[in-house]
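This report refers to the structure that appears directly beneath it.
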Amino acid sequence: MGQKVHPYGFRLGVNKPWKSRWFVERGFDKLLVEDVKLKAELREKLKAAGVSSVEIERPGNKLRLIIKTARPGIIIGRKGAEIDKLKADIQKRTSREVFIDILEVNKPELDAQLVSENIALQLEKRVSFRRAMRKSVDSALRFGCKGIKVRVSGRLNGNEIARSEWYLQGRLPLHTLRADIDYGFSEAHTTFGIIGVKTWVYKGEIYEQKKRRDVVTTTGAF
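Following our numbering, the numbering of the sequence shown begins with 18 at its first residue and continues without gaps.
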């Protein structure tokens, strides 16, 4: 039985930061539920904007949302109309002072979450899963990633029996903590059922490996 560890959770505190950064002594459960709901709602609402991740900070009684997106113009809107509307809606629901920061993802082809969502979208449009996987892998390698793995699971091509297929190109050192590995998961809702899409993108090492000094030992005769 495979004992799998989430690539992000495995590196948490080593080279990956927490996606919710706050501390409370009381009412932790309520704020945690609020975080989960906010993230799910924002992902659903801003689906067209290609949202990679939503990070939450709570300094005092304030709420800061950091949205990483491939298309920031859709979220901001004309003269900031859409973002003001979004801010007012969240402020009304949470009864807190809300700040929204939009960060642009410069290379969506190297963002694992956006790659998996793109493959899921193609599967919903009845594109062949092998073609969708190969296209995403080739484009990621072209943009300079050192390795990528894509795995799709479910009723592929409408087959009666569900199966998994994966495609790996380059290196993917999952056990190396200093390796910068991005992970993304999304679901394609097809007429045959749900197809899960997982993506791992290896972007290189964060910490340089220290060279080991050769220790020379000498033995003397007594």
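Every residue, glycine too, gets a C-beta built ideally from N, C-alpha and C.
Can you name the residues that DSSP bridges to residue 206? Along the sequence shown, read from residue 1 onward, the residue named residue 206 stands at position 189. Note: residue 206 sits in a beta bridge opposite 211.
Is it true that the region 215-222 meets the region 132-139, where meeting means three or more beta-carbon pairs spaced less than 8 Å apart? yes
Item to complete: Please determine if the region 78-93 and the region 121-128 are in contact, where contact requires at least 3 C-beta pairs separated by less than 8 Å.
Response: yes
(message) Does residue 45 pass the burial test, meaning 16 or more other C-beta atoms within 10 Å, or should it be called exposed?
(response) Locating residue 45 in the sequence shown gives position 28, counting from the first residue. By the 10 Å Cβ count, residue 45 comes out exposed.
Coil, strand or helix - residue 118 by DSSP
Residue mapping note: residue 118 aligns to position 101 of the sequence shown, counting from 1. Reduced to three states, the DSSP call for residue 118 is strand.
query: Is residue 98 helix, strand or coil when you go by DSSP?
result: Looking up residue 98 in the sequence shown gives position 81. The answer is helix: DSSP assigns residue 98 an H, G or I state.
| For residue 20, which three-state DSSP category applies? | Counted from its first residue, the sequence shown places residue 20 at position 3. Coil.
**Report entry** CA nearest to the CA of residue 180, picked from 53, 90, 146 and 36
**Finding:** On the sequence shown, residue 180 is found 163 positions in, with the first residue counted as 1. Of the candidates 53, 90, 146 and 36, the one whose C-alpha sits nearest the C-alpha of residue 180 is 146.
Handout entry: Endpoints, the alpha helix (DSSP H) within which residue 133 is located
Key = As a working mapping, residue 133 is identified with position 116 in the sequence shown. That run of the alpha helix (DSSP H) goes 129-141.
_Going by C-alpha to C-alpha distance, which of 49, 198, 174 and 188 sits closest to residue 80?_
As a working mapping, residue 80 is identified with position 63 in the sequence shown. Residue 80 has its Cα closest to that of 49, out of 49, 198, 174 and 188.
Inset, instruction - If I'm right that residue 32 touches residue 199 with Cβ under 8 Å, what's the distance once you round it to whole angstroms? - result: Position 15 of the sequence shown, counted from the start, is the residue given in the question as residue 32. Position 182 of the sequence shown, counted from the start, is the residue given in the question as residue 199. At roughly 11 Å, the Cβ-Cβ gap does not stay under 8 Å, so residue 32 and residue 199 are not in contact.
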